[in-house]
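**Q** Chains as they are written, first to last, in this note's numbering: chain A, 1 to 114; chain B, 1 to 119. From the three backbone atoms N, C-alpha and C, an ideal C-beta is built for every residue, glycine too. So that we are looking at the same thing, I have put the structure below in structure tokens.
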Amino acid sequence: NAGVTQTPKFQVLKTGQSMTLQCAQDMNHEYMSWYRQDPGMGLRLIHYSVGAGITDQGEVPNGYNVSRSTTEDFPLRLLSAAPSQTSVYFCASSYWRGDTDTQYFGPGTRLTVL
Amino acid sequence: AQTVTQSQPEMSVQEAETVTLSCTYDTSENNYYLFWYKQPPSRQMILVIRQEAYKQQNATENRFSVNFQKAAKSFSLKISDSQLGDTAMYFCAFMKQYPGGTSYGKLTFGQGTILTVHP
Numbered sequence: 001n002a003g004v005t006q007t008p009k010f011q012v013l014k015t016g017q018s019m020t021l022q023c024a025q026d027m028n029h030e031y032m033s034w035y036r037q038d039p040g041m042g043l044r045l046i047h048y049s050v051g052a053g054i055t056d057q058g059e060v061p062n063g064y065n066v067s068r069s070t071t072e073d074f075p076l077r078l079l080s081a082a083p084s085q086t087s088v089y090f091c092a093s094s095y096w097r098g099d100t101d102t103q104y105f106g107p108g109t110r111l112t113v114l
Numbered sequence: 001a002q003t004v005t006q007s008q009p010e011m012s013v014q015e016a017e018t019v020t021l022s023c024t025y026d027t028s029e030n031n032y033y034l035f036w037y038k039q040p041p042s043r044q045m046i047l048v049i050r051q052e053a054y055k056q057q058n059a060t061e062n063r064f065s066v067n068f069q070k071a072a073k074s075f076s077l078k079i080s081d082s083q084l085g086d087t088a089m090y091f092c093a094f095m096k097q098y099p100g101g102t103s104y105g106k107l108t109f110g111q112g113t114i115l116t117v118h119p
């Protein structure tokens, strides 16, 4: 299994550009989520999904869109990038096995918005 | 909503010694999980240890152990016999347990503590 994969690993955008951060998992996990990591603030939840076709907002959803058409994929879209979206983005997936969710994190994408 | 606070931005320890990282949290929930994650310079998030709130016994994983004080809402991580490979950012995280037991994969993280182990 490849686990949780994220592409690209690094990206530089100009203000106002759009892009999609890709996330895929091959473990048939029902739950997937996106976090952003900023210095001094830890990781904060952007959006999450509890299954194909079902998404909801996390703590910091503004400026980001998500959709989940398949169990495997959970892309994060920036429609009009802003410098405040400069961050490291992590995708995670998990499953419920009766006592706790076990989280699997991707390797992260470092995004710089100029 | 819940919050997680790590009040030590940076810590350092000599190799083979013991260090304790602090974490406090605020929640009105009674059912939840607590975690410590390690993030080395590679940026990969690695689960170190997990504690279920309903368990009174503190979790241990080899050189890593926690001191879970539910009434005080405190969850500290003790690393014994520190090794150079323990150098990393450490995050404390909270996961609410919903009816039925699942958490939907939603974590709330603290700000992180950078731990440096010196030879």
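Does the distance from the C-beta atom of H33(B) to that of R50(B) stay below 8 Å?
**A** Strictly speaking, residue 33(B) in this sequence is Tyr, with His absent from that position. Yes, the pair counts as a contact, with Cβ atoms nearer than the cut-off.
**Q** Assuming contact is defined by CB atoms lying nearer than 8 Å, are D86(B) and A16(B) in contact in what I supplied?
**A** Cβ atoms of D86(B) and A16(B): not closer than 8 Å.
**Q** Can you list, in chain order, the residues of the stretch 42 to 62 of chain B whose Cβ is nearer than 9 Å to any Cβ on chain A?
**A** Those residues of the stretch 42 to 62 of chain B that come within reach of chain A (Cβ to Cβ, closer than 9 Å) are S42, R43, Q44, M45, I46, L47, R50 and E52.
**Q** Would a check of beta-carbon distances place Y25(B) closer than 8 Å to chain A?
**A** For Y25(B), the answer is no, since every Cβ of chain A falls outside 8 Å of its Cβ.
**Q** Relative to chain B, which residues along the stretch 1 to 18 of chain A have a C-beta separation below 7 Å, given in chain order?
**A** So nothing in the stretch comes that close.
**Q** Consult DSSP for D56(A) and reduce its assignment to one of helix, strand or coil.
**A** The answer is strand: DSSP assigns D56(A) an E or B state.
**Q** Select from the stretch 98 to 115 of chain B all residues with a C-beta closer than 8 Å to any C-beta belonging to chain A, and list them in chain order.
**A** Answer set for the stretch 98 to 115 of chain B: G101, T102, S103, Y104, G105, K106, L107, T108, F109, G110, Q111 and G112.
**Q** Which bits of chain B does F90(A) rub up against, with CB to CB less than 7 Å?
**A** By Cβ distance, chain B contributes M45.
**Q** Using a Cβ cut-off of 8 Å (strictly closer), state whether F91(B) contacts chain A.
**A** It does; some Cβ of chain A falls within 8 Å.
**Q** Touching or not, the stretch 88 to 107 of chain A and the stretch 32 to 39 of chain A, by the rule of three or more beta carbon pairs under 8 Å?
**A** The answer is yes - the stretch 32 to 39 of chain A touches the stretch 88 to 107 of chain A, with three or more Cβ pairs under 8 Å.
**Q** Could you have a look at S84(A) and say whether DSSP puts it in helix, strand or coil?
**A** S84(A) falls in the helix class under three-state DSSP.
**Q** Strictly under 8 Å for the Cβ-Cβ distance: is F105(A) near chain B by that measure?
**A** Cβ-Cβ to chain B under 8 Å: yes for F105(A).
**Q** Could you check if V48(B) is buried or exposed, using at least 16 other CB atoms within 10 Å of its CB as the buried criterion?
**A** Buried, since its Cβ has 16 or more Cβ neighbours within 10 Å.
**Q** So with Cβ pairs under 8 Å, would you call Y33(B) a contact of chain A?
**A** Taking Cβ atoms only, chain A reaches closer than 8 Å to Y33(B), which makes this a yes.
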